[in-house]
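K.L.:
2 protein chains.
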Amino acid sequence: MGVKPDKKVTLKDIAQALGVATSTVSNAYNRPDQLSPELRERIFETARRLGYSGPDPMARGLRRGRVGAIGVVYPDRLSYAFTDPVAPLFIQGIALEAEQAGYGLLLVGSTPQEDSTLAATASVDGFVVQCFADGDPLYQAVIGRRLPTVLVDNFSDTPGLPWVTVDDVGGARAAAEHLIALGHRRLGIASLELTRQSVGGILTLEQQAGASYGPTRARLQGYRVAVEAAGLSWGRDVVVYECPENTLEEGRRAAEVLLGQSPRPTAILAMSDQLALGVLEHAARQGTAVPTGLSVVGFDDAPIAAQTTPSLTTVRQDHVEKGRRAGQMLLALLEGREALEPVILPTRLVVRESSGPPPRS
Amino acid sequence: MGVKPDKKVTLKDIAQALGVATSTVSNAYNRPDQLSPELRERIFETARRLGYSGPDPMARGLRRGRVGAIGVVYPDRLSYAFTDPVAPLFIQGIALEAEQAGYGLLLVGSTPQEDSTLAATASVDGFVVQCFADGDPLYQAVIGRRLPTVLVDNFSDTPGLPWVTVDDVGGARAAAEHLIALGHRRLGIASLELTRQSVGGILTLEQQAGASYGPTRARLQGYRVAVEAAGLSWGRDVVVYECPENTLEEGRRAAEVLLGQSPRPTAILAMSDQLALGVLEHAARQGTAVPTGLSVVGFDDAPIAAQTTPSLTTVRQDHVEKGRRAGQMLLALLEGREALEPVILPTRLVVRESSGPPPRS
DNA sequence: CTGAAAGCGCTTACAG
DNA sequence: CTGAAAGCGCTTACAG
Chain A
4 MGVKPDKKVT LKDIAQALGV ATSTVSNAYN RPDQLSPELR ERIFETARRL GYSGPDPMAR
64 GLRRGRVGAI GVVYPDRLSY AFTDPVAPLF IQGIALEAEQ AGYGLLLVGS TPQEDSTLAA
124 TASVDGFVVQ CFADGDPLYQ AVIGRRLPTV LVDNFSDTPG LPWVTVDDVG GARAAAEHLI
184 ALGHRRLGIA SLELTRQSVG GILTLEQQAG ASYGPTRARL QGYRVAVEAA GLSWGRDVVV
244 YECPENTLEE GRRAAEVLLG QSPRPTAILA MSDQLALGVL EHAARQGTAV PTGLSVVGFD
304 DAPIAAQTTP SLTTVRQDHV EKGRRAGQML LALLEGREAL EPVILPTRLV VRESSGPPPR
364 S
Chain B
4 MGVKPDKKVT LKDIAQALGV ATSTVSNAYN RPDQLSPELR ERIFETARRL GYSGPDPMAR
64 GLRRGRVGAI GVVYPDRLSY AFTDPVAPLF IQGIALEAEQ AGYGLLLVGS TPQEDSTLAA
124 TASVDGFVVQ CFADGDPLYQ AVIGRRLPTV LVDNFSDTPG LPWVTVDDVG GARAAAEHLI
184 ALGHRRLGIA SLELTRQSVG GILTLEQQAG ASYGPTRARL QGYRVAVEAA GLSWGRDVVV
244 YECPENTLEE GRRAAEVLLG QSPRPTAILA MSDQLALGVL EHAARQGTAV PTGLSVVGFD
304 DAPIAAQTTP SLTTVRQDHV EKGRRAGQML LALLEGREAL EPVILPTRLV VRESSGPPPR
364 S
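For the record, the sequence lines run as chains A and B. Counting in the working numbering, the first sequence runs from 4 upward without gaps. Counting in the working numbering, the second sequence runs from 4 upward without gaps.
#1: Assign T312/A to buried or exposed, taking buried as 16 or more other Cβ atoms, counted over all protein chains shown, within 10 Å of its Cβ.
#2: Identify the residues that DSSP records as bridge partners of F130/B: which are they?
#3: Just tell me which of Y142/B, Q133/B, R51/B, V145/B has its CA closest to the CA of I146/A.
#4: List the whole-angstrom C-beta distance separating L182/B from S358/B, where the pair is believed to meet the contact cut-off of C-beta under 8 angstroms.
#5: Have a look at P91/A and T25/A and give me their C-alpha separation to the nearest angstrom.
#6: Please list, in chain order, the residues of the stretch 92–125 of chain B that have any C-beta partner in chain A closer than 7 angstroms.
#7: Determine the burial state of N33/A: buried for a count of at least 16 other Cβ atoms within 10 Å of its Cβ, exposed for fewer.
#8: Which chain A residues are close to V89/B, counting only those with a beta carbon under 9 angstroms from its beta carbon?
#9: Could you name the residues of the stretch 298–321 of chain B whose beta carbon sits closer than 7 angstroms to any beta carbon of chain A, in the order they occur along the chain?
#10: Among Q331/A, D170/A, I347/A, P266/A, which residue has its Cα nearest to the Cα of R340/A?
#11: For A177/A versus L352/A, is the C-beta distance shorter than 8 angstroms?
#12: Going by other Cβ atoms of all chains shown within 10 Å of its Cβ, with 16 needed for buried, is P440/A buried or exposed?
#13: Please identify, using Cβ separations under 7 angstroms, the residues of the stretch 64–87 of chain B that lie next to chain A, in order along the chain.
#14: Name, please, each residue of chain B whose Cβ falls closer than 8 angstroms to the Cβ of A62/A.
#15: Please report whether the beta-carbon of S56/B lies at a distance below 8 angstroms from any beta-carbon of chain A.
#16: Would you mind stating whether Y226/A and L280/A have Cβ atoms separated by less than 8 angstroms?
#17: Flag S275/A as yes when its Cβ comes closer than 7 angstroms to any non-hydrogen atom of the ligand HEM, and as no otherwise.
#18: Does G368/B come within less than 8 angstroms of chain A when only Cβ atoms are used?
#19: Between the alpha carbons of G290/B and V318/B, how many angstroms are there, rounded?
#20: Is A144/B helix, strand or coil when you go by DSSP?
#21: Are any of the Cβ atoms in chain A nearer than 8 angstroms to that of A20/B?
#22: Just how far apart, CA to CA, sit E196/B and F135/B?
#23: Which residue wins for smallest C-alpha separation from I97/B, given the options Q133/B, S82/B, G68/B?
#24: Have a look at the DSSP bridge pairing and note the partners of R319/B.
#25: Following the continuous alpha helix (DSSP H) through A90/B, name the residue where it begins and the one where it ends.
#26: Can at least three beta-carbon pairs, one atom from the stretch 296–310 of chain B and one from the stretch 104–112 of chain B, be found at a separation below 8 angstroms?
#27: Could you give the first and the last residue of the continuous beta strand (DSSP E) run that contains Y244/A?
#28: Could you compute how far the alpha carbon of Q37/A sits from the alpha carbon of L333/B?
#29: Mind checking which residues open and close the beta strand (DSSP E) that includes V167/B?
Put into structure tokens, the structure is as follows:
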């Protein structure tokens, strides 16, 4: 340490040392116009000398009812958040707005102990909450705080809070339509989690109906609309595999299982680029050429999607913008401005090299 | 909103409603063993009914002298942090430790207004500070807080605080030695910033001597040791181009300028993978084959380095581990345990496809 | 321009 | 097991 003082120096100490009232010292920091520049400088000088680092943030926060921090809540362990290449983009978007307004970002996730104390005890002025499953205790803890809160990504039980989401249904539909238009008649889906703590595997129709995560549910629906509009049977021509985690490994496993089905799918729709990259990896290892032997379509348009070989056909959503909008909505609430209207951001199919006609057979 | 109560419900309200002392209500939340389970349940029941969401974090923080948050300070605008593919890994490392101990992560950067108020007013128990240039006001503001603080990445003026860094000198040296061993005699360096708010460009020897950022200085030194050990002249055989930002675009520009020198370098050492990827892009656009026409070596071993075509030869450092160690050191301080010793993490050259012998000429 | 006083919402010895 | 009291460090009307 070395710098840690023996006892905390407070505003009061400065006031005493100078023989002025504490309110005057407070004013020196918060209302420069309320005292002479000379006195103000003497106060700062004394503060420096005594090692006073300015008003204590917690005491000030308590008094003012504002700390200057936005809570960004991740539905899982925080360390997992950074496994996903698009999570940083979303946070960047929030940061863009927060830094303008002078707010910091408090990242909150679940703890290994599975309690939700962090959300219950986080010193923040409001929350941005992303993609929770119904009944998640962490989510309940956040809502229980009754702070200004913005919901991101298709919540199923939105309690009247402002929200921003993306057109998951439309994006998924466009992805499936693209493959069907190319001639594919047998599709595999590498799905994100449907419910909390799912174990993964091939899903029955009944299990699919129980999807609790908003984006997952919406994307399944979008795929299905396209499939049925083309006269195909969702139950017979499509296999859905649920990945218990959004990782490369699970993407590989999904590909392995899906390609082991018979009849074999000629294309795989992945609900994230992360999963799609795993599918590409599996294909490369198996010597399956993409797109001639297998078509792959992702979701997100992560920066890496354009850089892989082959580059990835995917559904683009603007994660930075999603974060910005959420930040704007929350700041409007925090600053007492008029609440912003909910927003549905567009998605857009980006066709690259990983999709093509199915192999002739 | 909808959920915002008219007036804040406090612990006192619960106590009054039940006719017990406030301390009893407080105990219900903090010391379950201090009262009967029945009374405790009645208290929670009343809290639910009145819409009390538990003890106010700020008041509790003020009283206890602890908020449960670690400040992670980024030397620039926070939104830039997520431009770098390795920043999330570092944060992930800190998160891994913080979530174990029940701490949240408060991300703090500079604000567009260039003041350092956020660092001065952030409600945190301690700081992890990464890579500041000498005299940066944001850094001064953090140090001025006199909170437990851990320094990451080669600080030049370390005021006796615990720190973790990596062997930048050794890594850079290994990278340069690798190229020299392959036969390269003329090197270009795509450098990270040397000082705050630098404008970039080719650097004179004198300018190089003024490097203020620790890692930049250390890597320049490492490259130089290798160059001079091989009997080459640092001033004559090496061109250093400073990139004012760590982005793909600046990497492209660096390549453009460096390859415009005469004699032309046959290899480029980039101080980050991000810059190296920019160099690769420029080469691809110019039709310069890598590694046959140009060798490129990065720094970091970001996840994407293995995925590019050609894959990137680079210096590996473990960003997650760096974050973990910083987190461990800070937590040791916060929890009053014995301070951990400073750590220098190893770096290691990872040879991939982007480096080879120079073209014959 | 300056100062005395109240109070933000809680926790913690301490006494019973 | 329960309660009265002090105080964490500050800001904000308010009076002068």
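A virtual CB, placed ideally from N, CA and C, is assigned to each residue, including glycine. All of these numbers come straight from a predicted model, not from anything done at the bench.
P.N.:
Put simply:
#1: exposed
#2: G74/B, T152/B
#3: R51/B
#4: 7 angstroms
#5: 43 angstroms
#6: L92, I94, Q95, A98, L99, E102, Q103, G105, G107, L108, L109, L110, V111, G112, T114, P115, T120, L121, A123, T124, A125
#7: exposed
#8: Correct list: empty, because the minimum Cβ distance to chain A is about 10 angstroms.
#9: I307, Q310, T311, T312
#10: Q331/A
#11: yes
#12: One cannot answer for residue 440/A here, as it falls past the ends of chain A, which runs 4 to 364.
#13: G64, L65, V70, G71, A72, R80, L81, S82, F85
#14: L65
#15: yes
#16: no
#17: This structure does not include the ligand HEM; it has no bound ligands of any sort.
#18: Lying before the first or after the last residue shown, residue 368/B is absent from chain B, which here runs from 4 to 364.
#19: 26 angstroms
#20: helix
#21: no
#22: 11 angstroms
#23: Q133/B
#24: D303/B, R351/B
#25: 90–104
#26: no
#27: 241–245
#28: 39 angstroms
#29: 166–169
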